[in-house]
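Quick note, the sequences are listed as chains A and B, same order.
Mapping of the first sequence onto the UniProt record's numbering: position 110 corresponds to residue 110, and the numbering continues sequentially without gaps.
Mapping of the second sequence onto the UniProt record's numbering: position 63 corresponds to residue 63, and the numbering continues sequentially without gaps.
Note that the Cβ used here is the ideal one computed from N, Cα and C, for glycine as well.
Have a look at the structure below, then the notes.
Number of protein chains: 2
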Amino acid sequence: MVKICNYGFDESFVEEHRDMHGIAYTQNVLSGRYKNLILWYLKENDRRFGEIKKFLTSVSQGSLTKQLRELESDEIITRTVYPEVPPKVVYGLSKKGKDLMPIIDMMEEFGKKHGR
Amino acid sequence: MVKICNYGFDESFVEEHRDMHGIAYTQNVLSGRYKNLILWYLKENDRRFGEIKKFLTSVSQGSLTKQLRELESDEIITRTVYPEVPPKVVYGLSKKGKDLMPIIDMMEEFGKKHGR
DNA sequence: CCGTATCCATTTAGATACTG
DNA sequence: CAGTATCTAAATGGATACGG
Numbered sequence: 001m002v003k004i005c006n007y008g009f010d011e012s013f014v015e016e017h018r019d020m021h022g023i024a025y026t027q028n029v030l031s032g033r034y035k036n037l038i039l040w041y042l043k044e045n046d047r048r049f050g051e052i053k054k055f056l057t058s059v060s061q062g063s064l065t066k067q068l069r070e071l072e073s074d075e076i077i078t079r080t081v082y083p084e085v086p087p088k089v090v091y092g093l094s095k096k097g098k099d100l101m102p103i104i105d106m107m108e109e110f111g112k113k114h115g116r
Numbered sequence: 001m002v003k004i005c006n007y008g009f010d011e012s013f014v015e016e017h018r019d020m021h022g023i024a025y026t027q028n029v030l031s032g033r034y035k036n037l038i039l040w041y042l043k044e045n046d047r048r049f050g051e052i053k054k055f056l057t058s059v060s061q062g063s064l065t066k067q068l069r070e071l072e073s074d075e076i077i078t079r080t081v082y083p084e085v086p087p088k089v090v091y092g093l094s095k096k097g098k099d100l101m102p103i104i105d106m107m108e109e110f111g112k113k114h115g116r
C-alpha cells in the first residue's frame with residue numbers, strides 16, 4: 001500500500017473515507033510501542049531524555065529516540081536543547097499534544113476499569 | 001521481553017508502574033492496523049464480515065479475521081453466527097466495546113482538528 | 001548526556017489457495 | 001459467505017558500537 005499523509009492509508013482509501021479521516025490520523029499519531037506512556041509521563045512535567053529512558057525501564061535507546069522523533073515530527077511534543085556540556089535535552093507537550101491529553105486520560109480510565 | 005497480560009509489558013514493568021497499568025491495557029486493546037476503524041464502523045450498526053471487508057477496501061481477508069478475533073477475545077466486540085447456508089456472521093459492540101466509544105469519538109475529533 | 005548507525009529478531013499484515 | 005492455512009513482505013523494536 002502506498003502511504004500518503006504519513007498515516008498509513010493510501011490516497012483512494014482516504015478519498016473514499018473522508019468521514020473517518022480523523023480517526024486514522026489520530027491512530028497513526030499514537031501508534032508506537034511507548035508513545036502513550038511517554039505522553040502520560042510528559043503530562044505532569046517536562047522531562048529529560050534520560051528520565052524518560054529510566055522511566056520506561058525496558059526501552060532501548062534507539063527505539064526511544066525513534067519514538068520521540070516521530071512525536072516531534074507530528075508536533076505532539078517539543079524538544080529543547082540546552083547547549084551545555086554535557087548536553088541537556090528536555091521534552092515537553094506542545095499545544096497539540098495537550099489537546100491529546102483527554103484521550104490519554106480516558107484510555108487510562110478505560111484500562112483501570114476493564115484491564116485485569 | 002516476556003509478555004504477560006497480553007499487552008506487551010513484562011511483570012516487573014507492570015509492577016513498577018501500577019499507576020499507568022490502565023493506559024498500557026487500552027493501548028494494547030486498540031493496537032492493530034484497522035481496529036479503530038472497525039470500531040468506528042460498528043458504532044452505528046452491527047455489521048457482517050463481508051460488509052466490514054468491503055468498507056476497509058484494502059484489508060486482506062486473513063488480516064481482517066485476525067483483528068476481529070483479537071477484538072473478540074478482548075471482549076470488545078461480539079460475534080453472532082446464524083446457522084444458515086450460506087453462513088451469516090454478524091459483529092457488534094459489546095458493553096465493554098461501547099465503553100470505548102467516547103475514546104473513538106475523541107480520536108475522531110482530534111484528527112479532524114489537527115490532521116492534514 | 002544524548003544521541004546516530006548498523007544489524008538482527010520479532011511482530012504484523014498482505015497474497016493466494018482452499019473449505020464447510 | 002466467511003472463514004483457515006501457508007507463505008512471504010514489510011514494519012517495528014532491541015542490541016551493540018561509536019560520536020559530538
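In this structure, the beta-carbon distance from glycine 62/B to threonine 78/B does not fall below 9 Å.
For leucine 37/A, the uninterrupted alpha helix (DSSP H) run begins and ends at 35 to 44, by DSSP. Contact of tyrosine 25/A with chain B is assigned, a C-beta pair being separated by under 9 Å. Secondary-structure assignment with DSSP links tyrosine 82/A through a beta bridge to Lys88/A. Linking valine 59/A to valine 90/B through their CA atoms gives a straight-line distance of about 40 Å. Between leucine 42/A and glycine 92/A, the beta carbon gap of about 6 Å places them in contact (Cβ cut-off 8 Å).
Within the DSSP bridge table, the entry for arginine 47/A names Tyr91/A as partners. In summary, the residues of the stretch 53 to 84 of chain B whose CB is separated from some CB of chain A by less than 8 Å are Thr57, Ser58, in the order they occur in the chain. Bridge pairing for isoleucine 77/B: Leu93/B [DSSP]. Boundaries of the alpha helix (DSSP H) harbouring valine 29/B: 21 to 30, taken from the DSSP string. Judged by DSSP secondary structure, glycine 111/B falls within the alpha helix (DSSP H) whose first and last residues are 101 to 114.
When secondary structure is reduced to three states using DSSP, serine 60/B falls in the coil class, being assigned neither helix nor strand.
Annotation: Cβ neighbours of isoleucine 103/A in chain B (cutoff 7 Å, chain order): Ile103, Met106, Met107, Phe110. Straight across, the Cα-Cα distance linking glutamine 67/B with valine 85/A is about 49 Å. With fewer than 16 other Cβ atoms from the protein chains shown falling within 10 Å of its own Cβ, lysine 88/A counts as exposed.
Taking 9 Å as the cut-off, the beta carbon of histidine 21/B is found no closer than this to the beta carbon of aspartate 99/A. Spanning the alpha carbons of glutamine 27/B and isoleucine 23/A requires a straight line of approximately 15 Å.
The Cβ of glycine 115/B sits closer than 9 Å to at least one Cβ of chain A.
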